[in-house]
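S.K.:
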Amino acid sequence: MAKIKVTLVRSPIATLPKHKLCVKGLGLRRIGHQVELEDTPAVRGMINKVNYLLRVEGA
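Using UniProt numbering, you'd call the opening residue of the sequence shown number 1 and step up by one each time.
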């Protein structure tokens, strides 16, 4: 399965609680932190929900 790189580029401090949980669920901890994730529908859904906080590569 394909991999995608996700980077947190904005702070989730002033966001909705569900959006903070999505960022945490993606494994992102701080601004500039990058993780490599499997390209699954569940991961895509979380990315789409908080896309204004992220940079996605390899999509």
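A virtual CB, placed ideally from N, CA and C, is assigned to each residue, including glycine. For clarity, every value in this text was computed on a predicted model and none was experimentally measured.
Report the rounded CA-to-CA distance for LYS20 versus VAL56, giving the unit in angstroms.
M.R.: Position 20 of the sequence shown, counted from the start, is the residue given in the question as residue 20. Position 56 of the sequence shown, counted from the start, is the residue given in the question as residue 56. Their Cα atoms are separated by approximately 17 Å.
S.K.: Locate the alpha helix (DSSP H) running through ILE47, then write down its first and last residues.
M.R.: On the sequence shown, residue 47 is found 47 positions in, with the first residue counted as 1. Per DSSP, ILE47 belongs to the alpha helix (DSSP H) from 41-49.
S.K.: Taking only three categories from DSSP, how would you classify VAL23?
M.R.: Reading the sequence shown from its first residue, position 23 is the one you call residue 23. Helix, per DSSP.
S.K.: Between which residues of its own chain and ILE31 is the CB-CB distance below 8 Å, once the five residues before and five after are set aside?
M.R.: The sequence position of residue 31 within the sequence shown is 31, counting from 1. The answer, listed in chain order, is LEU8, VAL9, ARG10, SER11.
S.K.: Hey, could you find the ends of the beta strand (DSSP E) LEU8 is sitting in?
M.R.: In the sequence shown, residue 8 corresponds to position 8, counting from 1. Unbroken beta strand (DSSP E) run through LEU8: 3-8.
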